[in-house]
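Numbering (UniProt numbering), first residue to last: 1 to 134.
Note that the Cβ used here is the ideal one computed from N, Cα and C, for glycine as well.
Quick notes on the structure that follows.
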């Protein structure tokens, strides 16, 4: 059930994030800021069956509202205009993001009380671990 993702989560650990951002095409100054930040994620249910994922850090704030299985507009923290589709598969919240002929996949899952986000593009993988704070 997607409800298990609801709550507020704080980044605790990040592996290989700079390499992933480089593969996505994020420029060095933005990569340095992103790698240094410890964002908070707030995941909650909205009216009409919508789900909201709000990411906040000292450098940026972005919010994405979506319905499972439906494509949505995704204005990323680094300024890309993408389209994302979310599905719920085997207890995981899977996001397929596409822009300018490129695609990346973000898989969110709960393991041992942590929210793990595995980001993958062209074989470059980053794992980000969040602890629940509310």
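What separation, rounded to the nearest whole angstrom, lies between the Cα atoms of residue i and residue j?
{"i": "residue 17", "j": "residue 127", "result": "7 Å"}
{"i": "residue 64", "j": "residue 32", "result": "23 Å"}
{"i": "residue 41", "j": "residue 129", "result": "11 Å"}
{"i": "residue 110", "j": "residue 3", "result": "11 Å"}
{"i": "residue 39", "j": "residue 105", "result": "19 Å"}
{"i": "residue 10", "j": "residue 101", "result": "31 Å"}
{"i": "residue 28", "j": "residue 80", "result": "15 Å"}
Heavy atom of the ligand MN less than 7 Å from the Cβ of residue i, yes or no?
{"i": "residue 28", "result": "For the structure depicted, the ligand MN is absent and the ligand set is empty, with no information on it obtainable."}
Keeping to the same chain, check which residues put their C-beta closer than 7 Å to that of residue i; ignore five residues upstream and five downstream.
{"i": "residue 37", "result": "57, 58 and 59"}
{"i": "residue 30", "result": "78"}
{"i": "residue 98", "result": "82 and 83"}
{"i": "residue 15", "result": "126 and 127"}
{"i": "residue 124", "result": "19, 20 and 23"}
Looking at C-alpha atoms only, which residue of the options is the closest neighbour of residue i?
{"i": "residue 13", "options": "50, 104, 117 and 29", "result": "117"}
{"i": "residue 61", "options": "120, 103, 90 and 75", "result": "75"}
For residue i, collect the residues of the same chain with a Cβ closer than 8 Å to its Cβ; drop the 5 residues on either side in sequence, then sort them by chain order.
{"i": "residue 71", "result": "83, 84 and 85"}
Looking only at its chain, what residues have a beta carbon closer than 6 Å to the beta carbon of residue i, apart from the 5 residues adjacent to it on each side?
{"i": "residue 54", "result": "42 and 63"}
{"i": "residue 26", "result": "78"}
{"i": "residue 94", "result": "87 and 107"}
Would residue i and residue j qualify as a contact pair, given that the criterion is a beta-carbon distance under 8 Å?
{"i": "residue 6", "j": "residue 46", "result": "no"}
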